[in-house]
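Undergrad: Heads up, the sequence shown is in this note's numbering, so the first residue is 459 and it goes up one at a time.
Just so it is clear, CB atoms sit at the ideal spot from N, CA and C, and this is done for glycine as well.
Keep in mind it's a predicted model, so treat the numbers as computed, not measured.
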Amino acid sequence: MPHPHPKEPTGCRYIHGEVPGLDWHYCQEPRLDESAYCATHHAACHIPADKADAHLRALVSALSRMAA
Numbered sequence: 459m460p461h462p463h464p465k466e467p468t469g470c471r472y473i474h475g476e477v478p479g480l481d482w483h484y485c486q487e488p489r490l491d492e493s494a495y496c497a498t499h500h501a502a503c504h505i506p507a508d509k510a511d512a513h514l515r516a517l518v519s520a521l522s523r524m525a526a
């Protein structure tokens with residue numbers, strides 16, 4: 459079976475490289491059920507629900523400091 463084109467996702471949709479340029483591609487590893495990502499990229503890109511509030515508060519605090 460031929461390897462899928464790197465810009466036509468058939469697996470993990472995590473993007474490597476800079477999208478505005480030509481040098482980017484999708485990960486293409488097998489995706490987890492109910493996810494657009496493979497196990498590695500799902501873990502890197504998703505915050506567990508029980509920690510999301512703390513992450514959101516930290517982000518708002520950092521943005522407030524930057525705006526000041």
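Since C470 and C485 should fall inside the 8 Å C-beta cutoff, what is the C-beta to C-beta distance between them, to a whole number of angstroms?
TA: 4 Å
Undergrad: Determine the direct distance from the alpha carbon of L490 to that of A512, and round the result to whole angstroms.
TA: When rounded, the distance between both Cα atoms is 26 Å.
Undergrad: In its own chain, which residues sit with a C-beta less than 6 Å from the C-beta of Y472, not counting the 5 before and 5 after it?
TA: C485, Y495, H499
Undergrad: Straight-line CA distance for G479 to E466?
TA: 16 Å
Undergrad: How many Å lie between L517 and P488 at the Cα?
TA: 31 Å
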